[in-house]
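Note sheet for the following structure.
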Amino acid sequence: MELKTDIFKLFDREWALLTAGTPDHFNTMTISWGGAGTLWGKSVVTVYVKPVRYTHEFMESSAFFTVSFYPEQYRRALTLLGTESGRDGDKVSKAGLTPKPLENAVTFREAHTTLLCKKIYRQDLDSAAMPEPVVNAFYRTEAPHTMYIGEVVDIIK
687 MELKTDIFKL
697 FDREWALLTA
707 GTPDHFNTMT
717 ISWGGAGTLW
727 GKSVVTVYVK
737 PVRYTHEFME
747 SSAFFTVSFY
757 PEQYRRALTL
767 LGTESGRDGD
777 KVSKAGLTPK
787 PLENAVTFRE
797 AHTTLLCKKI
807 YRQDLDSAAM
817 PEPVVNAFYR
827 TEAPHTMYIG
837 EVVDIIK
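Next up, the structure:
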């Protein structure tokens, strides 16, 4: 299993979709915060989800999740998926993406790369341990993100 890419560019500039749940009941959201590396001898991905997001419920109840990356032509779709809630309707159809069921998760046919991850750790971020400017910029009105770490068990291209 090998991934040759600029991981910083993928998360920060190209964005990604974080998807959790089953093929029959899932949600996805656009993310630009995340990272990849190694932990406990495993290749891992770290993602962050605010508790107010609908995807948080799916991350809490799912053993697996996907992080998928897209060509530039899907930027509008990712913008829509990051600004509308799955609680309010079928935003995936509205975005024009095609769900692709996996054995333990969901990705989308339009993705150029999908990381299938098995959740191995979760932790609520503690605002008391953050610099004050970060708290003021991101957490004045909402609880801090939950951090999820997933072992990358497959890379789908």
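Letter by letter, the sequence shown follows residues 687 to 843 in this note's numbering.
Ideal Cβ positions, reconstructed from N, Cα and C, are used throughout, including at glycine.
The structure presented is a predicted model; accordingly, all values stated were derived computationally and were not measured.
Quick check on residue i: buried or exposed, where buried means 16 or more other Cβ atoms within 10 Å of its Cβ?
i, result
"Gly-707", "buried"
"His-711", "exposed"
"His-798", "exposed"
"Thr-769", "exposed"
"Ala-823", "exposed"
"Arg-739", "buried"
"Gly-727", "exposed"
"Ala-781", "buried"
"Gly-775", "exposed"
Would you say the beta carbon of residue i comes nearer than 7 Å to a heavy atom of the ligand ADP?
i, result
"His-831", "Questions concerning the ligand ADP fall outside what the structure shown contains, since it holds no ligand whatsoever."
Check this for me: beta carbons of residue i and residue j, under 8 Å apart or not?
i, j, result
"His-742", "Val-753", "no"
"Thr-716", "Leu-703", "yes"
"Thr-827", "Asp-810", "no"
"Arg-773", "Thr-784", "no"
Can you list, in chain order, the residues of its chain whose CB lies under 6 Å from that of residue i, leaving out five sequence neighbours each side?
i, result
"Lys-843", "Thr-799"
"Trp-701", "Thr-716, Ser-718 and Leu-764"
"Pro-737", "Ala-829"
"Ser-729", "Val-838"
"Leu-766", "Ala-781"
On a CA-only basis, which of the options is nearest residue i? Give me that one, please.
i, options, result
"Ile-835", "Lys-695, Thr-705 and Ala-722", "Ala-722"
"Arg-762", "Lys-777, Gly-772 and Arg-773", "Lys-777"
"Ile-806", "Ser-718, Ser-748 and Thr-714", "Ser-748"
"Ser-779", "Thr-714, Lys-695 and Arg-699", "Thr-714"
"Thr-732", "Val-792, Leu-801 and Tyr-756", "Leu-801"
"Phe-744", "Ile-841, Ala-791 and Tyr-825", "Ala-791"
"Ile-841", "Val-821, Leu-788, Ala-815 and Ala-814", "Leu-788"
"Phe-755", "Thr-793, Asp-812 and Tyr-825", "Thr-793"
"Pro-709", "Pro-819, Lys-786, Tyr-760 and Leu-767", "Lys-786"
Going along the chain, which residues of its own chain have a beta-carbon closer than 7 Å to the beta-carbon of residue i, five neighbours each way excluded?
i, result
"Lys-804", "Ala-749, Phe-750, Gly-836, Glu-837 and Val-839"
"Ser-813", "Val-821, Tyr-825 and Pro-830"
If I measure Cβ to Cβ from residue i and keep anything under 8 Å in the same chain, skipping five residues before and after, which residues do I get?
i, result
"Glu-758", "Glu-700"
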